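Protein chains in written order, with the working numbering: chain A, 61 to 401; chain B, 61 to 401.
Every residue, glycine too, gets a C-beta built ideally from N, C-alpha and C.
Predicted, not measured: the structure shown is a model, and the values here were computed from it.
Notes for the one structure printed next.
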DNA sequence: TTTTATCTTGAAAGCGCTCACAATATATGA
DNA sequence: TCATATATTGTGAGCGCTTTCAAGATAAAA
């Protein structure tokens, strides 16, 4: 068994509370004894038991982060931002992939009710609205990232999905496209909804009627983009541009369009969303989202709530249009970074 | 304050030990009382305090996973495999990015000495050898993933780096390349060393002398590939093929080669390592490593060690060559999936 | 009937820590 | 000198759980 405060105390002739005080940097301990205790700690290589401390302090210095079971995309970068911020306060991240081996419902609740974590951050969660609200009752701070919470009491921190989508749409409109197809994400996904909304808003503002037949639902994966293009073509829907709900689908769409002999971007410009790493290589125009930043902010928010501060409703982080070859109407060679090998 | 065993016991007229037994599914509790207790638990919505349990059981059902501060590449996929396996036993993953905000030395030790986790899995660690050995003394299981431990007592689970590298090299040799340049990873990185070794071995076997001037050190990032090509060209080193230590650097290399007017693959075929997502899009030939599988196996190994089983020295997982456009000597159009947009 | 074995349950100690409070020593003022 | 304030340390209870041990109840055997 490992050493305890008692052991250290015995070593230098003080009680365990004095040792505890030294460890917690309490001011009410004599300078000389402090020295002695520190020496003993070093000699014995004593390290405090964090679990025991957590029990008495009722605080684990751990935050849970839940992710949907999508490994690619923006998540790693968000996580890195989170760990960066958490580390600054000595906190750790308990990362849980939802929907894989774990039962989708129940896992998150357990994390809270078992008092394993001080707060929960859910990224792009598809956890049922009512579940989230219910979870909020266990008064453990919950923060929603990249999806808006159903309840006012749960703060959210979001990308400006609608704004970015509108901008992307306007880019295509500026290229004189008037029959823009939108490959949207799944219905239960917040970002998907918002991006679709931004798309429609931009059309409306431009005085172009939205046509339901040009909106196809995908699954946020490459293959969803492929299927969406097939569906459009097979249904005989005409379109002169594609706005995809994320980059993966955009890449799939480009792949399928080219396979069908359509020229991208000359005939059909394509724009995505997220600016994932592959986007650069494909030359995909897209809407960049501040991933690292959203991670940092989410943890900051978690800390504020842990400290008892009342959270504001939600924050929206700005996005940024990135123009690459896939929307270069003239087919400008300059913008083609990598035209295959 | 949340409910305790005592509260549940009071509700249905039994002691806390009986409730504890029910929760832990002990056989020595009467069927009738068990029912009553379960009902009370449900009524009160009682959930056990995991921290308290961890304290008595001296086991946290949590595994630490450390990652280098590189967000891209193969790590997310490895993590997903790990969480999948951990979840099957109700375990959780404490994910720590080394080298970012956290002090590189000390963080891992703390995780152990503080008894926060039941085992540690280090991925592609650059933690000092001696540190690892020292850590092993705290007898908490340690598993090395994608890097070999210095000590016999720490089991490692590895990709067949040398084998894959040799195969990649042979592919280039088969294309009649005789002056193959190798952009290797950093000196302190295990994979980098192994891949370099595989490269040399393959040359030797083929009876071609290894020339040090054709081996340049990179940093496993895209930019490292760019710089390596510049260095080779500026130093006037001739080469007729490039084997990069990972895909990121290979992509950087291709980018720079094309910028310098060299034709890939006709003039200079390029092959990478890892098969990251971008590789498909670029059309990069590479060596695929079983990421998800290595994650699963690592956790499995951790569990075995937690259960007291003596670990075997190390496991090597096979790799697989993936041929794409970047090594298609004839420039076969069929293999060009995405020749830019 | 008494004895012994079998089931069930509760009391109590302990995991390693923190913290309120009591105790002691020393210093200050009357 | 004694009362009172101040600095420093130790004692003990408690965080919520598990687990050993003993006790009580019941059933089986003698």
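- From the beta-carbon of residue 115 of chain B, the residues of chain A found nearer than 7 Å are 111, 112, 115.
- Using beta-carbon distances, residue 334 of chain B does not count as an interface residue toward chain A, since no partner is under 7 Å.
- The alpha helix (DSSP H) runs of length 4 or more contained entirely in the stretch 229-269 of chain A are, from start to end of the chain, 250-265.
- Annotated as proximal: residue 82 of chain B and residue 94 of chain B, with beta-carbon spacing under 7 Å.
- Taking the Cα of residue 367 of chain A as reference, the smallest distance to any Cα among A:388, A:337, A:345, A:201 is reached at A:201.
- Annotated as proximal: residue 244 of chain B and residue 275 of chain B, with beta-carbon spacing under 7 Å.
- By the neighbour-count definition (other C-beta atoms within 10 Å, threshold 16), residue 328 of chain B is a buried residue.
- Under the three-state reduction of DSSP, residue 124 of chain A is assigned to strand.
- Within a 10 Å sphere around the beta-carbon of residue 102 of chain B sit fewer than 16 other beta-carbons, which makes this residue exposed.
- Per DSSP, residue 352 of chain B lies in no beta strand (DSSP E) segment; the continuous alpha helix (DSSP H) that holds it begins and ends at 351-366.
- The way I'd put it, the stretch 205-217 of chain B doesn't touch the stretch 233-241 of chain B; fewer than three beta-carbon pairs between them come closer than 8 Å.
- With a threshold of 16 other beta carbon atoms within 10 Å, residue 85 of chain A falls short and is exposed.
- By the Cβ-count criterion, residue 385 of chain B is buried, with 16 or more other Cβ atoms from all chains shown falling within 10 Å of its own Cβ.
- In the assembly as shown, residue 266 of chain A is an exposed residue. Its beta-carbon has fewer than 16 other beta-carbons within 10 Å.
- Closer than 7 Å to the CB of residue 310 of chain A there is not a single CB belonging to chain B.
- The stretch 67-110 of chain A is shown to contain whole alpha helix (DSSP H) runs of 4 or more residues at 76-83, 91-104, in chain order.
- Those residues of the stretch 267-297 of chain B placed with their C-beta closer than 7 Å to a C-beta in chain A do not exist.
- With contacts defined as CB atoms closer than 7 Å, residue 184 of chain A and residue 128 of chain A qualify as a contacting pair.
- Among the bridge pairs identified by DSSP, residue 179 of chain B is matched with B:123.
- For residue 342 of chain B, the CB contacts under 6 Å within the same chain, skipping 5 residues up- and downstream, are 311 in chain order.
- Residue-level contact check: residue 368 of chain A does not touch chain B, since none of the beta carbons of chain B fall below 7 Å from its beta carbon.
- The three-state secondary structure of residue 214 of chain B, taken from DSSP, is coil.
- Contact between residue 355 of chain A and residue 138 of chain A is confirmed by a C-beta separation of about 4 Å, below the 8 Å threshold.
- Taking C-beta separations shorter than 7 Å and ignoring five residues to either side along the sequence, the partners of residue 208 of chain A in its chain run 216, 218, 250, 374, following chain order.
- Taking 7 Å as the cut-off, the Cβ atoms of residue 271 of chain A and residue 221 of chain A do not count as close.
- Per the coordinates, the alpha-carbon of residue 148 of chain B lies some 7 Å from the alpha-carbon of residue 162 of chain A.
- Between the alpha carbons of residue 263 of chain B and residue 302 of chain B lies a gap of roughly 13 Å.
- Contacts with chain A at 7 Å (Cβ-Cβ) include residue 341 of chain B.
- Counting other Cβ atoms within 10 Å of its Cβ, residue 116 of chain B stays below 16 and is therefore classed as exposed.
- Contact annotation: residue 123 of chain B and residue 158 of chain B have beta-carbon atoms that are not nearer than 7 Å.
- Between residue 335 of chain A and residue 324 of chain A the beta-carbon gap is near 18 Å, outside 8 Å, which marks them as no contact.
- The C-beta of residue 380 of chain B has fewer than 16 other C-beta atoms within 10 Å across all chains shown, which makes the residue exposed.
- When Cβ-Cβ separations below 7 Å define contact, residue 389 of chain B makes no contact with chain A.
- In the displayed model, residue 116 of chain A falls within a helix according to three-state DSSP.
- Under the criterion of beta carbons closer than 8 Å, residue 126 of chain A and residue 182 of chain A qualify as touching, at roughly 5 Å.
- For the pair residue 175 of chain B and residue 109 of chain A, the CB atoms are nearer than the 7 Å cut-off.
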